[in-house]
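Chains P and W, in that order, are what the protein sequence lines are. Converting from the first sequence to the numbering used here requires adding 56 to each position, the first position being numbered 1. Converting from the second sequence to the numbering used here requires adding 128 to each position, the first position being numbered 1. Heads up: the structure comes next, in structure tokens.
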Amino acid sequence: MCISNKIGPPVEGEDFFGREKEIRKANRLLDSNHSLLLSAPRRIGKSSLAKRLIEEKKQQGWKCVYIDLEETTTEEGFLRLVIEAFKKNGIWKQLTEGMSKGLVSVLDRIEKVTIGGVVDFNIGKREEQEDLYKNLKELIKHDEDTFIVVDELTLFLGILNKSENGAEKVAFILNWLRSLRQVSKTNVRWLFCGSVGLRNFTSAMNLGFTINDLMEFGLGELSREEAEGLLSGLCKSEDMEMSEELINYTLEKLHWNIPYFIQVIFSKLAEEYEDEVTKESIDIAYNKLCSENYLSTWSERLSEYREYEVPARQMLKALSTQSAGLEREAMLNILMTGQDASKVEEVDYILSKVLEMLENDGYILKMDSIRTFRSPLLRDYWFNKFVQ
Amino acid sequence: MQTRLPILHETLLSYDIKTREVLDINEEAYTALSSYLSKEDVTKTAQPNLIVGESGCGKTFLMKRLYGIVKENMGNTLHPIVIEGKSLFSTDDIWNQCALYLNMEGGNDSFDAILKWQETNSRRVVLFVDNVQYYFERTDNTEQYGLRGKLNRSGAPIIIASSEKVLPAFTDYDAAFFDGFKITYLKPLTISAVKEIKDGGYDINRLEKIMAYMPKTIRSMFIAMGILDKSEDSTNDFAFLSDCFFSHYQEKFDVTSTQTQRILSALSQSDSGFTLSEIREITGQGNGKISPYLKLMIDQKLISKEAKTSRGGIYSIVDPLFKLWLRHNTVTTSKNGD
């Protein structure tokens with residue numbers, strides 16, 4: 057096995073490592089005809105996992121489609137991506153005798169789109185738009201085992217929502233996607249991925265019902281064995297020696313063992329590698345990462361929080377001292393220190409606001425009831441700069 | 129003297145194979161990136177790379193070396209294309225320019241055409257984008273997501289870009305390229321650390337004095353080394369330096385008005401600049417004949433005005449090399465530049 061170290065883009069094939077528990081769970085759900093919703097913070101490996109699931113399902117003989125909606129900003133673009141991806145992977149029905157005129161016409165237009173032609177889908181008028189989507193729905197083969205991954209759906213819908221009649225378009229697409237999942241005895245399963253929560257987005261638009269059928273699917277850090285295996289595999293691919301003790305030492309330092317951070321620290325270790333990895337070289341690599349100048353922008357950016365900057369800094373300072381994270385109550389107590397007890401409601405509101413802002417901006421994340429720094433590097437940068 | 133080199137900053141577009149082998153600075157970054165390129169699986173999603181360093185630290189030079197090694201040693205599997213970030217105003221510009229380099233017409237489907245070209249030629253495109261900060265500063269997050277989406281496709285072109293600084297587009301949590309690049313930081317250029325200069329027995333002190341007149345770039349270093357190769361002793365160094373840029377500064381001087389030329393000549397005589405009254409005295413010009421020109425020259429960035437001191441505002445020439453040229457070409461009494 058030879059794993060190449062990729063920092064940032066989704067990995068495929070032998071570069072994908074671990075996640076066995078999550079893959080088992082996803083397979084179980086997909087096999088029992090569930091469609092899934094995967095929302096997780098950025099850089100955790102959502103797209104890589106989705107691509108891995110596609111590889112597995114392909115091996116089981118399923119038809120698979122991967123649609124990345126970050127490439128489009130319009131409904132026409134959405135349609136084009138869907139039509140092309142479905143055509144490429146044999147999701148559309150073939151032309152048959154007795155097919156309605158409408159379906160034949162849509163099939164003809166699909167053919168033109170997929171050979172690079174520009175086709176007007178007539179989605180300007182509501183009735184024509186409904187007709188087209190209805191026909192497209194009918195043209196999908198629902199009797200074959202099919203797995204469709206839609207990446208960055210919330211990102212696309214967020215952009216679409218800002219366009220003219222955006223809310224209407226968003227509602228239409230979400231309803232259409234829902235109707236595809238509700239076809240009787242359909243064997244098509246879906247996985248929607250995104251770093252921005254689709255649940256929050258739809259609930260804010262009173263469209264929560266359009267995704268209620270989706271099973272929530274979480275993605276956290278790698279198990280300890282998987283994290284060890286990934287680091288060990290990366291070392292092997294670069295002919296680097298690293299004992300079990302040193303691997304553990306590295307993972308302890310990171311604390312939150314998601315592939316991205318393991319890959320980042322490995323990259324630094326590989327850059328500095330001469331003959332051997334030692335605790336000192338791990339410390340040096342880690343400290344170099346923590347001192348990289350781009351981390352200072354995280355502190356500078358807090359000035360945009362205005363009246364919430366001070367409590368935000370208080371929270372981050374406290375969290376940087378606790379690698380295991382803090383409960384909300386402990387954080388409230390920190391903000392209440394020195395305050396009049398009667399202010400507890402006001403302070404509690406400020407805390408909610410600050411936590412929401414810090415979570416949305418990627419400073420912290422919530423795991424169960426605990427909040428921690430999203431990045432161990434940022435946590436240690438914060439500790440070194442503002443605490444130590 | 130044959131040297132006429134008005135360009136102090138290299139551009140990636142002017143790839144010169146000879147210069148590639150002269151210096152071996154930023155060697156670690158070069159080794160790491162060329163090793164990555166040689167190992168990259170042509171069918172997988174590529175690792176986007178970003179080279180970050182201040183102006184003159186050798187980013188463009190490093191990209192040239194990488195371009196060279198891809199072209200000469202990896203041509204069977206990779207195909208290098210150079211794009212200057214200043215020419216990018218949208219994501220489509222990237223794919224259109226890339227398509228043009230591949231002798232295809234740009235258009236709506238440039239990206240697909242590039243993928244087809246790769247398939248037909250069994251080679252993967254490596255995009256060297258210099259000064260990528262222009263693209264990221266001119267485009268919004270939606271455009272950048274469009275780029276990320278295409279780069280994340282299996283087998284899509286590999287991007288190696290350079291930027292003078294880390295931008296919010298690489299670090300904001302909402303940004304398309306948040307933590308999306310593998311960043312290689314280059315250290316500022318230090319003359320004394322350059323192996324070729326040490327091995328070549330160059331007088332560091334003389335080199336540094338010449339370099340003080342130019343931006344700290346590799347191109348400048350070549351010029352300084354060339355001067356030392358020709359100049360027998362330090363007394364002639366600045367005459368050679370001035371001569372290197374003769375036509376450039378002659379033109380710059382000739383297009384200005386007579387009054388501006390008069391002021392420039394006066395200011396070139398001073399190391400620390402002159403006040404308005406001192407300029408009047410040297411040029412012999414009366415009230416109202418200097419001030420309007422000084423304002424104009426500040427706007428044109430020919431001169432700068434420092435904060436008022438007890439002597440009044442101090443005016444001085446912005447470009448030290450222009451000042452040196454003026455001393456050598458408009459002031460008869462000055463022999464040396466320092």
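All C-beta atoms, glycine included, are put in the ideal place defined by N, C-alpha and C. From a predicted model like this one, the values you see are computed outputs, not experimental measurements.
Checking 8 Å against the spacing of the C-beta atoms, do residue i and residue j come in under that value?
{"i": "P/L211", "j": "P/L275", "result": "no"}
{"i": "W/L404", "j": "W/I445", "result": "no"}
{"i": "P/F203", "j": "P/R237", "result": "no"}
{"i": "W/K310", "j": "P/G101", "result": "no"}
{"i": "W/L314", "j": "W/G186", "result": "yes"}
{"i": "P/L421", "j": "P/E415", "result": "yes"}
{"i": "P/T353", "j": "W/P343", "result": "no"}
{"i": "W/L165", "j": "W/M202", "result": "yes"}
{"i": "W/N249", "j": "W/S238", "result": "no"}
{"i": "W/V170", "j": "W/R252", "result": "yes"}
{"i": "P/E200", "j": "P/K119", "result": "yes"}
{"i": "W/I346", "j": "W/L317", "result": "yes"}
{"i": "P/L66", "j": "W/T205", "result": "A small correction: the amino acid at residue 66 of chain P is Pro; Leu does not occupy that position in the sequence shown. Not closer than 8 Å, so no."}
Is there a C-beta anywhere in chain P that falls below 8 Å from the one on residue i?
{"i": "W/V294", "result": "yes"}
{"i": "W/N364", "result": "no"}
{"i": "W/R252", "result": "no"}
{"i": "W/Y158", "result": "no"}
{"i": "W/N224", "result": "no"}
{"i": "W/N154", "result": "no"}
{"i": "W/K463", "result": "Its pLDDT being 42, under 50, W/K463 is placed unreliably in this model, and the value from its coordinates should be taken loosely. So no, W/K463 is outside the interface."}
{"i": "W/P285", "result": "no"}
{"i": "W/Y263", "result": "no"}
{"i": "W/G181", "result": "no"}
{"i": "W/P176", "result": "yes"}
Taking just the CA atoms, how far does residue j sit from residue i?
{"i": "P/I59", "j": "P/F322", "result": "12 Å"}
{"i": "W/I288", "j": "W/S320", "result": "28 Å"}
{"i": "P/E277", "j": "P/S431", "result": "12 Å"}
{"i": "P/E68", "j": "P/E111", "result": "9 Å"}
{"i": "W/I145", "j": "W/V210", "result": "Since pLDDT at W/I145 reaches only 45, below the 50 mark, its modelled position is unreliable, and no value is offered."}
{"i": "P/L325", "j": "W/D365", "result": "45 Å"}
{"i": "P/N221", "j": "P/K168", "result": "28 Å"}
{"i": "W/Q130", "j": "W/F374", "result": "No answer about W/Q130 holds up, because its pLDDT of 40 lies below 50 and its placement is not dependable."}
{"i": "W/L216", "j": "W/R266", "result": "8 Å"}
{"i": "P/G74", "j": "P/A106", "result": "13 Å"}
{"i": "P/I229", "j": "W/Y195", "result": "45 Å"}
{"i": "W/V257", "j": "W/I153", "result": "20 Å"}
{"i": "P/N304", "j": "P/L310", "result": "10 Å"}
{"i": "W/E292", "j": "P/T306", "result": "32 Å"}
{"i": "W/P285", "j": "P/G264", "result": "39 Å"}
{"i": "W/Q272", "j": "W/G283", "result": "19 Å"}
{"i": "P/S376", "j": "P/L233", "result": "42 Å"}
Can you pull the DSSP bridge partners for residue i?
{"i": "P/M271", "result": "P/L92"}
{"i": "P/F248", "result": "P/L93, P/V206"}
{"i": "W/F374", "result": "The partner list for W/F374 (beta bridge, DSSP) is empty, contrary to what the question assumes."}
{"i": "W/A289", "result": "W/L178, W/V257"}
{"i": "W/I153", "result": "Note: W/I153 sits in no beta bridge, so no partner."}
{"i": "W/H207", "result": "W/V253"}
{"i": "W/F402", "result": "W/Y443"}
{"i": "P/K81", "result": "Bridge partners of P/K81: none, in fact."}
Taking 8 Å as the CB-CB limit, is residue i close to chain W?
{"i": "P/R427", "result": "no"}
{"i": "P/E126", "result": "yes"}
{"i": "P/I63", "result": "yes"}
{"i": "P/D339", "result": "no"}
{"i": "P/L211", "result": "yes"}
{"i": "P/S347", "result": "no"}
{"i": "P/P315", "result": "no"}
{"i": "P/S60", "result": "yes"}
{"i": "P/G250", "result": "no"}
Report the residue from the options whose alpha carbon sits nearest the alpha carbon of residue i.
{"i": "P/V205", "options": "P/K335, P/G133, P/I426, P/S103", "result": "P/S103"}
{"i": "P/M413", "options": "P/I139, P/V366, P/N262", "result": "P/V366"}
{"i": "W/G401", "options": "W/Y301, W/R281, W/L430, W/T386", "result": "W/L430"}
{"i": "W/L449", "options": "W/E360, W/A340, W/K358", "result": "W/A340"}
{"i": "W/F350", "options": "W/G184, W/L228, W/Y301", "result": "W/G184"}
{"i": "P/F439", "options": "P/N389, P/R427, P/V410, P/K373", "result": "P/K373"}
{"i": "P/G133", "options": "P/E348, P/D87, P/I215, P/A283", "result": "P/I215"}
{"i": "P/F317", "options": "P/S355, P/A82, P/L434, P/R84", "result": "P/L434"}
{"i": "W/Y158", "options": "W/I179, W/T173, W/E168", "result": "W/I179"}
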